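Engineer:
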Amino acid sequence: GENVEQHPSTLSVQEGDSAVIKCTYSDSASNYFPWYKQELGKGPQLIIDIRSNVGEKKDQRIAVTLNKTAKHFSLHITETQPEDSAVYFCAASSNTGNQFYFGTGTSLTVIP
Amino acid sequence: DSGVTQTPKHLITATGQRVTLRCSPRSGDLSVYWYQQSLDQGLQFLIQYYNGEERAKGNILERFSAQQFPDLHSELNLSSLELGDSALYFCASSPRTSSTGELFFGEGSRLTVL
Numbered sequence: 001g002e003n004v005e006q007h008p009s010t011l012s013v014q015e016g017d018s019a020v021i022k023c024t025y026s027d028s029a030s031n032y033f034p035w036y037k038q039e040l041g042k043g044p045q046l047i048i049d050i051r052s053n054v055g056e057k058k059d060q061r062i063a064v065t066l067n068k069t070a071k072h073f074s075l076h077i078t079e080t081q082p083e084d085s086a087v088y089f090c091a092a093s094s095n096t097g098n099q100f101y102f103g104t105g106t107s108l109t110v111i112p
Numbered sequence: 113d114s115g116v117t118q119t120p121k122h123l124i125t126a127t128g129q130r131v132t133l134r135c136s137p138r139s140g141d142l143s144v145y146w147y148q149q150s151l152d153q154g155l156q157f158l159i160q161y162y163n164g165e166e167r168a169k170g171n172i173l174e175r176f177s178a179q180q181f182p183d184l185h186s187e188l189n190l191s192s193l194e195l196g197d198s199a200l201y202f203c204a205s206s207p208r209t210s211s212t213g214e215l216f217f218g219e220g221s222r223l224t225v226l
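Residue numbers (our numbering), protein chains in the order written: chain Y, 1 to 112; chain A, 113 to 226.
(1) Does the Cβ of K37/Y have 16 or more other Cβ atoms within 10 Å, making it buried, or fewer, making it exposed?
(2) Going by DSSP, what residues sit across from E83/Y in a beta bridge?
(3) Which class does L231/A belong to by DSSP, given the choice of helix, strand or coil?
(4) Under 8 Å, do G103/Y and G154/A count as touching if we go by C-beta distance?
(5) For L195/A, does the three-state DSSP call read helix, strand or coil?
(6) Report the three-state DSSP secondary structure of V54/Y (helix, strand or coil).
(7) So which residues on chain Y does G170/A lean against when the C-beta distance must stay under 7 Å?
(8) Over what stretch of residues does the beta strand (DSSP E) that includes N67/Y continue unbroken?
(9) Using beta-carbon positions only, say whether A168/A and Q99/Y come within less than 8 Å of one another.
(10) When the Cβ atoms of the segment 12–30 of chain Y are set against those of the segment 72–82 of chain Y, are three or more pairs found closer than 8 Å?
(11) Hey, how far is the Cα of S191/A from the Cα of Q149/A?
(12) Could you tell me the distance, in whole angstroms, from the CA atom of S94/Y to the CA atom of G220/A?
(13) Locate the beta strand (DSSP E) running through E5/Y, then write down its first and last residues.
(14) Go ahead and label Q6/Y buried or exposed: buried means 16 or more other beta carbons lie within 10 angstroms of its beta carbon, across all protein chains shown.
(15) With 8 Å set as the bound, which would you pick, yes or no: does the beta-carbon of T106/Y sit closer than that to a beta-carbon of chain A?
(16) Would you say K42/Y lies against chain A (beta-carbon separation less than 8 Å)?
(17) Using CA atoms only, rank isn't needed, just tell me which of V4/Y, E15/Y, A86/Y is closest to I111/Y.
(18) Establish whether the CB of S93/Y and some CB of chain A are separated by less than 8 Å.
(19) Pairing CB atoms from the segment 181–199 of chain A with CB atoms from the segment 126–146 of chain A, are three or more of them under 8 Å?
(20) Closest to Y201/A by CA distance: which of F181/A, R222/A, F216/A, R138/A is it?
(21) Report the neighbours of Y32/Y on chain A: residues whose CB is nearer than 7 Å to its CB, in chain order.
(22) Suppose contacts are defined by Cβ-Cβ distances below 8 Å. Is Q180/A in contact with G170/A by that definition?
(23) Using a Cβ-Cβ cutoff of less than 7 Å, which residues in the same chain neighbour Q85/A once the five nearest sequence positions on both sides are dropped?
(24) Could you name the residues that DSSP lists as bridge partners for L46/Y?
Next up, the structure:
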């Protein structure tokens with residue numbers, strides 16, 4: 001089955017700086033890579049996703065890059081704000097499978 | 113608000129007991145996923161249902177079972193509870209049968225086993 005690894009497990013940045021979270025996956029059949037943000041006391045919420053036919057996707061301050069050859073994808077948050085503080089999960093799945101494989105999460109703290 | 117409703121939000125029980133967690137998916141969503149999130153752990157996939165049928169099974173213990181009813185709500189039954197079952201249990205729904213596209217998560221049911 002698929003194995004998704006996520007690093008780092010914790011990340012602290014100063015407000016205004018950039019944050020990068022990296023994930024690797026093992027199954028070359030995976031073709032969908034979402035990122036979820038989980039705020040304290042809430043369920044995870046999708047913030048951005050990328051499919052394997054695209055190398056990069058951007059949505060305002062958030063971007064995701066995918067390297068299919070190396071089997072890794074990354075989340076980039078620029079101009080971080082205190083409200084970006086949360087736990088972020090990457091995931092991988094395929095349209096032939098029936099489950100999402102989640103990374104172990106990154107706890108991001110943005111220091112004002 | 114994701115549109116996914118989970119009850120109860122908090123539950124405290126004793127070892128050996130049985131509990132039922134309930135999930136109402138978003139209107140129109142046919143897929144329901146159950147995840148377990150333990151302290152400092154990621155999201156562990158338990159089981160998926162689509163339109164009443166089991167579609168995928170993850171690391172779900174034999175003491176746990178689930179079902180999806182004709183009105184599409186789902187229940188996760190946890191029996192012979194152990195201390196290690198204490199966790200946050202999430203339900204998520206999706207309109208799709210396959211695992212691509214957004215999952216909509218509920219706010220979770222926090223289970224504490226004493």
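Glycine included, C-beta positions come from ideal geometry on N, C-alpha and C.
A quick note: this is a predicted structure, and the numbers were derived from the prediction, not measured.
Structural biologist: If we stick to the structure as given:
(1) Sequence index remark: in the first sequence, residue 37/Y carries index 37 (1-based). By the 10 Å Cβ count, K37/Y comes out buried.
(2) Here residue 83/Y corresponds to residue number 83 of the first sequence, with the count starting at 1. E83/Y pairs with nothing; no bridge assigned.
(3) It is not possible to answer for residue 231/A, since the shown part of chain A is limited to 113 through 226.
(4) Within the first sequence, the letter at position 103 stands for residue 103/Y. Within the second sequence, the letter at position 42 stands for residue 154/A. In contact: G103/Y and G154/A (Cβ atoms closer than 8 Å).
(5) For the purposes of this step, residue 195/A is taken as the residue at position 83 of the second sequence. DSSP places L195/A within a helical segment (H, G or I) once states are collapsed to three.
(6) As a position in the first sequence, residue 54/Y is number 54, starting the count at 1. In the structure shown, V54/Y sits in coil (DSSP, three-state: anything other than H, G, I, E or B).
(7) For the purposes of this step, residue 170/A is taken as the residue at position 58 of the second sequence. Ordered by position in chain Y, the residues that pass the 7 Å Cβ test against G170/A are Q99.
(8) Counting from 1 along the first sequence, the entry for residue 67/Y is found at position 67. Under the DSSP assignment, N67/Y falls in the beta strand (DSSP E) whose first and last residues are 62–67.
(9) Reading the second sequence from its first residue, position 56 is the one you call residue 168/A. Reading the first sequence from its first residue, position 99 is the one you call residue 99/Y. Between A168/A and Q99/Y, the C-beta spacing is below 8 Å.
(10) Touching, yes.
(11) Taking the first residue of the second sequence as 1, we reach residue 191/A at position 79. Taking the first residue of the second sequence as 1, we reach residue 149/A at position 37. If I take the Cα positions, the gap works out to 18 Å.
(12) Residue 94/Y sits at position 94 when you count from the first residue of the first sequence. Residue 220/A sits at position 108 when you count from the first residue of the second sequence. Separation of S94/Y and G220/A (C-alpha to C-alpha, rounded to the nearest whole angstrom) is 25 Å.
(13) Numbered from 1 along the first sequence, position 5 holds the residue referred to as residue 5/Y. Judged by DSSP secondary structure, E5/Y falls within the beta strand (DSSP E) whose first and last residues are 5–7.
(14) The sequence position of residue 6/Y within the first sequence is 6, counting from 1. Q6/Y comes out buried.
(15) In the first sequence, the residue the question calls residue 106/Y occupies position 106. Not flagged as an interface residue toward chain A: T106/Y, since no C-beta distance is shorter than 8 Å.
(16) Position 42 of the first sequence, counted from the start, is the residue given in the question as residue 42/Y. Output row for K42/Y: interface = yes.
(17) By one-based count along the first sequence, residue 111/Y stands at place 111. Taking only the C-alpha atoms, the option nearest I111/Y is E15/Y.
(18) Within the first sequence, residue 93/Y is the residue found at index 93, counting from 1. Look at S93/Y: its C-beta is under 8 Å from a C-beta on chain A.
(19) Segments in contact, yes.
(20) For the purposes of this step, residue 201/A is taken as the residue at position 89 of the second sequence. Here the closest residue by C-alpha is R222/A.
(21) Walking along the first sequence from the start, residue 32/Y turns up at place 32. Residues of chain A with a Cβ closer than 7 Å to the Cβ of Y32/Y are, in chain order, T212.
(22) The count along the second sequence starts at 1 and reaches residue 180/A at position 68. The count along the second sequence starts at 1 and reaches residue 170/A at position 58. For the 8 Å CB-CB criterion, Q180/A and G170/A do not form a contact.
(23) For chain A, the structure presents residues 113 to 226; residue 85/A sits outside this window and is missing.
(24) Taking the first residue of the first sequence as position 1, residue 46/Y is located at position 46. Within the DSSP secondary-structure output, L46/Y pairs in a beta bridge with Y36/Y.
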